[in-house]
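One structure below.
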Amino acid sequence: MTDTGFFGRLNWDAFPIAGLIQTPNTNEIVANAAAGIVVVGVIAVVGLLTWFRLWRPLWRDWLTSADHKKIGIMYIVFAIVMLARGVLEGVVMRAQQAAGPGPGFLEAEHFAELFSTHGTIMVFFVAVPFVFGVANYLVPLMIGARDVAFPVMNQISLGLTVSAGMMLMVSLVVGEFSTGGWTAYPPYTGAAFNPGVGPDYWIWAIVVSGIGTTLTGINFAVTIYKLRAPGMKFMRLPMYCWTIISSSILIIFAMPPLGVAALMLAADRYLDFHFFTNDLGGNMMNYANLFWLFGHPEVYLLVLPAYGIYSEVFATFSAKRLYGYNSLVIATMCIAVLSFTVWLHHFFTMGQNALINAVFGVATMLIAIPTGVKVYDWMATLYRGRIRFSVPMLYGLAFLMLFVIGGLSGVILANPTVDYQVHNTLFLVAHFHNALLPGVLFGLLAAYNYWFPKAFGFRLNEFWGRVSVVCWTVGFLLTFMPLYFVGLMGMPRRSFSYSDASFHPYMLVAIVGALIITCGLLSILVQLWVSIRDREKTRAPVGDPWDGRTLEWSIPSPPPPYNFAIIPQVTDRDNFAVAKERGEAYPTPDAYEDISMPRNTAIGFTLCVLSGVWMFALVWWIWWLAVLMTVLMLVSLIAWTFNTDIEEVIPAEEVRKQHEAWLDLVRNATAVDRDHETAPENRGLARPDLEAVT
Amino acid sequence: MDKRSEMHRRERRRYVIGYGGSLLLTAAVFLIAYKYGIKTTGVYLSIALLGLAQLIVQLVYFLHIDRRRSSREDLDLVLFSTLVLLIIILGTVWIMGNLAVRMHTYPM
Amino acid sequence: MKRAPTHSYPGLNLGRRHESAHRATEVVTFGFWVFLMSDLVYFGLMFAIYITMIDAQAGGPGPHELFDLYSIFAQTLILLTSSLTVGLAMLALKYNLPRWRIVFWFCVTLVLGLSFLVLEIRDFMAMAEKGGIPQRSGFLSAFYGLVPLHGLHVAAGCLWLIVLGIQLRVFGLTDLLMSRVVRLALFWHFLDLIWIGIITIVYFGGLTYG
């Protein structure tokens with residue numbers, strides 16, 4: 001820490017345009033184009049909001065809302081914006097390596113920034129917000145609750161996640177991001193080797209989003225534990241909720257190591273501590289240990305909810321009860337606990353003895369057992385089901401086939417002797433992309449297609465959905481399968497150039513795959529556009545377009561703010577499916593009650609802005625601003641606790657009017673069978689399927 | 001009203017017992033340290049055990065965690081957290097200790 | 001359910017007397033417990049780091065030169081007593097004793113918390129005079145990463161006490177406030193538990209193996 005002026009170490013050279021003027025080359029053009037996209041994007045959004053006079057509705061209906069459904073949608077929008085950036089960065093990296101042996105068109109520093117932001121964004125600002133966006137939307141609906149346990153804290157979580165993500169966007173325009181990879185290993189990221197702002201952007205983005213995620217984990221664990229509808233015992237929970245509760249447990253216990261590691265790195269960089277430095281007793285291996293204490297549970301906290309999504313999708317689109325529910329529950333919990341016992345397999349080569357490596361290797365292989373149980377359960381669910389190959393089901397099938405390959409390559413890597421050979425090669429990159437794309441991302445895209453009509457009242461376009469499935473699957477195969485081979489041939493990961501010409505053909509295949517993935521991303525946007533344009537033909541306001549099985553399908557689409565006019569009494573697993581079979585779905589309630597819901601509040605947005613400025617001030621050493629923001633955050637939180645008028649009441653009469661209007665809609669709708677699921681006459685009332693096996 | 005002050009007395013007694021117990025255990029720890037010096041593993045082990053005892057005393061008397069059926073849930077939460085904590089701490093110490101030995105960071 | 005359970009969430013319970021506050025408190029107290037367990041992992045990791053760095057003194061001052069057990073003893077007694085007084089404040093609240101009793105125990109707890117902090121800071125200053133600053137070695141970094149983290153929690157607890165004191169004046173004893181006092185008491189007891197870990201592992205452990 002040195003003496004700094006009013007703007008800390010921020011000056012004109014921090015802006016990429018300065019680099020372009022000084023040294024105009026391809027590298028600078030790419031950097032400036034990226035910064036330009038951010039600036040133009042912000043101007044475009046601000047302009048459109050102003051032109052359509054949307055500022056007030058945006059503020060009233062979204063930014064200050066404490067409704068879990070809206071918070072969920074905001075999470076997902078944020079995740080998709082970040083996904084677009086992450087995918088584009090992936091394509092640029094593939095292009096650099098496809099440009100052949102030799103220097104390529106990017107400078108090494110720039111390439112390093114790309115893989116660092118790509119990893120950081122995809123894990124922390126795509127996967128996590130997407131997973132918890134979906135969970136936000138679904139969990140209260142599935143367990144028959146009116147909101148999450150702590151709606152305002154939920155809003156704060158969103159605010160912190162978004163402000164941290166914004167730091168990555170800001171780093172494109174002001175200064176540069178870390179070049180230390182998404183894991184940011186010291187001592188490379190320490191002050192001695194990396195005095196710039198890059199690692200600081202990484203640290204604060206990770207710390208703040210980590211706090212947001214921890215709060216989310218607490219929120220969902222408590223929601224599922226305490227807010228289930230009467231009669232919904234644990235063994236009646238939808239499979240998806242089971243996976244969210246395990247994922248929340250993972251967050252609660254696995255986010256602290258990340259926070260500790262990042263803050264200790266910050267102490268090293270800002271206050272000259274010696275946790276991870278080369279000198280004076282620092283030990284950088286402690287960092288690797290801490291990081292992976294978080295890192296391994298992290299991948300399970302991402303993939304378990306995707307398993308939950310697939311469980312719901314397979315059951316619904318096979319029109320069968322989920323096979324082996326009990327074994328799936330046990331497998332999920334086993335994976336959650338086992339995931340705390342395997343972190344060392346990320347650093348087998350660090351130098352500990354063979355016994356320790358063997359113990360952690362065996363523990364890692366053990367995880368394949370509950371995962372295998374799951375795969376068989378899903379296949380047994382499909383077996384003799386009445387399968388419809390709708391978009392979510394197609395994603396599910398692609399997952400089943402591809403994920404097994406990813407899982408098996410994981411078992412290979414779990415063997416320390418093999419790991420020594422392929423450590424830090426593209427084999428590893430292929431493995432975890434193989435687990436995360438078909439595992440997590442396909443699941444989230446399946447969820448997006450499956451639950452979209454619940455959230456917005458109309459279905460997504462089937463054709464463009466299929467196009468995106470094909471693009472993502474083919475693109476994934478072409479991009480990442482070659483990496484297994486070059487990895488075995490010995491190509492190190494994260495290399496901005498290489499000299500071995502035999503890698504080149506594989507790199508060419510990979511760039512073709514990356515371009516097809518880009519088409520997949522574009523077709524998702526086209527699908528959204530086409531679906532909004534044609535929404536009159538696909539409306540399903542009654543709420544059950546897929547003959548769903550769980551509670552969220554028993555209410556209107558989109559659901560009212562209070563979700564359930566009457567809190568349902570749960571008597572079975574797959575409660576709604578059973579009710580439909582018995583002809584007891586859509587009951588008319590005897591009486592209605594006043595419902596109190598959380599009022600709008602600006603605390604989440606306030607903290608979003610304040611924490612954003614706080615991070616920026618810390619990165620650029622603008623100390624007075626950092627102190628000011630700390631005080632303001634504290635004051636606004638304390639001030640908020642003085643506000644006791646936090647709920648508003650929706651009168652029973654209002655609830656009755658809305659609910660009866662919808663019940664009329666239900667009575668007048670024509671039920672459709674499964675063959676006409678995607679036809680315009682599907683208004684969301686399902687006809688019981690006599691052939692279905694239940 | 002009478003029953004109520006009875007309950008009040010009982011709960012207050014609970015706190016006082018917890019306080020007294022913790023006080024005794026703290027005194028014992030410092031007494032051992034004062035008398036025997038803090039050198040050997042044996043002394044440290046007895047200090048650590050007394051510390052553990054004090055943790056349990058406080059959990060039971062201040063935080064009201066016990067094995068009664070109605071409060072099983074809190075016990076579960078605490079036990080699960082302890083399990084994770086043990087995995088993390090023992091694992092870290094095992095791994096880093098082994099590394100230190102193999103890297104000759106300090107003699108052993 | 002045949003009868004209302006006396007304990008519906010972990011730890012301190014308001015009891016049936018305050019039925020509405022009791023139910024409103026159930027969810028939020030459970031959530032707070034979960035938060036404390038997450039916080040516990042934070043501390044647990046700092047303990048683990050301290051254990052691995054106990055030897056990383058890099059020729060700087062070690063535990064024998066730096067630790068002052070008399071001061072630690074005093075801090076332990078103060079913190080332990082404050083745990084009792086915050087419990088007594090809880091009881092005063094639970095049994096509807098006159099408001100001044102609650103305020104009295106609040107004030108005692110606050111004074112004890114602040115004097116704990118004063119002693120702790122005095123210790124740090126004494127250590128710094130002997131060259132025991134975090135910049136000196138990995139061992140000292142680990143020490144200053146852990147013990148002041150606990151101190152920071154105590155400071156946050158003090159701030160919380162003050163805010164609750166003000167709210168007690170503004171709102172009176174509402175359900176919401178009772179639920180907040182319950183959580184503060186939990187937090188305070190939790191810090192005492194962590195402190196037991198600190199004296200056992202940081203101070204005595206450091207002196208034995210450092």
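Chains as they are written, first to last, in my numbering: chain A, 1 to 694; chain B, 1 to 108; chain C, 1 to 210. Ideal Cβ placement from N, Cα and C applies to all residues, glycine included.
Checklist entry - Between A/PHE485 and the rest of its own chain, which residues show a CB-CB distance below 8 Å, the 5 nearest in sequence each way excluded? => result TYR506
Checklist entry - Taking B/GLN58 as the reference, which of B/ILE17, B/VAL101, B/ALA100 and B/THR92 has the closest Cα? => result The shortest C-alpha separation from B/GLN58 is found at B/ILE17.
Checklist entry - Comparing alpha-carbon positions, which option in A/GLN352, A/THR588, A/ILE29 and A/ASN289 lies nearest A/ASP664? => result A/THR588
Checklist entry - What do you get for A/GLY351, buried or exposed, if any count of 16 or more other CB atoms within 10 angstroms of its CB means buried? => result Classification for A/GLY351: exposed.
Item to check | Supposed close pair C/GLY113, C/VAL154 - CB separation, criterion 8 Å | outcome: 6 Å
Checklist entry - Does any residue of chain B bring its CB to less than 8 Å from the CB of C/GLY44? => result yes
Checklist entry - Can you tell me whether A/SER499 is buried or exposed, with buried defined as 16 or more other CB within 10 angstroms of its CB? => result exposed
Checklist entry - Is the region 14-33 of chain B close to the region 557-569 of chain A, with three or more CB pairs under 8 Å? => result Verdict: no, contact absent.
Checklist entry - Taking the Cβ atom as the reference point for each residue, do A/ILE646 and A/ARG599 lie within a distance shorter than 8 Å? => result yes
Item to check | First through last residue of the beta strand (DSSP E) which encompasses A/GLU648 | outcome: Where A/GLU648 is concerned, the enclosing beta strand (DSSP E) stretches over 647-650.
Item to check | Proximal residues of chain B, C-beta to C-beta of A/THR341 below 7 Å | outcome: ILE87
Next on the checklist: Does chain B have any CB closer than 8 Å to the CB of A/ASN278?
Outcome noted: no
Checklist entry - Going by C-alpha distance, which of A/PRO392, A/ALA164 and A/PRO370 is nearest A/SER318? => result A/PRO392
Checklist entry - According to DSSP, what are the bridge partners of A/VAL595? => result At residue 595 of chain A the sequence reads Ile, which differs from the Val that was named. DSSP lists A/ILE650 as partners of A/ILE595.
Next on the checklist: Using 8 Å as the cut-off, can you tell me whether the region 109-116 of chain A makes contact with the region 525-540 of chain A, which would need three or more C-beta pairs spanning the two stretches below that distance?
Outcome noted: no
Next on the checklist: In whole angstroms, give me the CA-to-CA distance for A/ALA455 and A/TRP242.
Outcome noted: 22 Å
Next on the checklist: Counting only Cβ pairs nearer than 7 Å, list the residues of chain B close to C/LEU84.
Outcome noted: TYR15 and TYR19
Checklist entry - Does any C-beta atom of chain B lie closer than 8 Å to the C-beta of A/GLN155? => result no
Next on the checklist: As a quick exercise: from A/ILE203, A/MET235, A/TRP343 and A/PRO257, pick the residue whose alpha carbon is nearest that of A/SER327.
Outcome noted: A/MET235
Item to check | C/ARG3, DSSP secondary structure in three states | outcome: Low confidence applies to C/ARG3: its pLDDT is 35, below 50, so where it sits in the model is not reliable, and the reading given next is rough at best. Shown here, C/ARG3 sits in coil according to DSSP, grouped into three states, outside any helix or strand.
Checklist entry - Rounded to a whole number of angstroms, what is the C-alpha to C-alpha distance between A/ILE369 and A/VAL375? => result 10 Å
Item to check | Within chain B, the residues that A/ASN424 reaches when beta carbons sit closer than 7 Å | outcome: Near A/ASN424 there are no residues of chain B at all, since even the closest Cβ is about 19 Å away, more than 7 Å.
Checklist entry - Are any of the Cβ atoms in chain A nearer than 8 Å to that of B/THR40? => result Output row for B/THR40: interface = no.
Checklist entry - Can you list, in chain order, the residues of its chain whose CB lies under 7 Å from that of A/ILE244, leaving out five sequence neighbours each side? => result ALA135, VAL139, PHE220, ILE224, PRO305 and GLY308
Next on the checklist: Which same chain residues end up closer than 6 Å to C/TYR144 when comparing Cβ atoms and leaving out the 5 residues on each side of it in sequence?
Outcome noted: PRO134
Item to check | Within-8 Å CB hit, A/VAL542 to chain B | outcome: Proximity of A/VAL542 to chain B, defined by a Cβ-Cβ separation below 8 Å, is not satisfied.
Next on the checklist: Tell me which residues of the region 158-176 of chain C have at least one Cβ-Cβ distance to chain B shorter than 9 Å, keeping chain order.
Outcome noted: none
Item to check | Residues that B/ARG12 contacts on chain C, provided the C-beta gap is smaller than 8 Å | outcome: LEU88 and LEU91
Checklist entry - Using 8 Å as the limit for Cβ to Cβ distance, is B/ILE65 near chain A? => result no
Next on the checklist: Tell me the rounded alpha-carbon separation between A/GLY410 and A/THR364.
Outcome noted: 9 Å
Next on the checklist: For A/PHE432, which residues in the same chain have their Cβ closer than 7 Å to its Cβ, ignoring the five residues on either side in sequence?
Outcome noted: Taking A/PHE432 as the centre and dropping the five residues before and after it, the same chain places no C-beta closer than 7 Å to its C-beta.
Checklist entry - Which same chain residues, not among the five before or five after C/ASP68, have their C-beta less than 8 Å away from its C-beta? => result ASP123 and ALA126
Checklist entry - Relative to the C-alpha of A/PRO129, which residue among A/LEU293, A/ALA164, A/ALA671 and A/LYS537 is closest? => result When only C-alpha atoms are compared, the closest one is A/ALA164.
Checklist entry - Could one say the Cβ of A/ASN283 lies closer than 8 Å to chain C's Cβ atoms, at least one of them? => result yes
Checklist entry - Are the Cβ atoms of A/ILE252 and C/MET37 separated by less than 8 Å? => result yes
Item to check | Segment contact, 8 Å Cβ cut-off, at least three pairs: the region 257-273 of chain A with the region 152-167 of chain A | outcome: Because the criterion of three Cβ pairs below 8 Å is not met, the region 257-273 of chain A and the region 152-167 of chain A do not touch.
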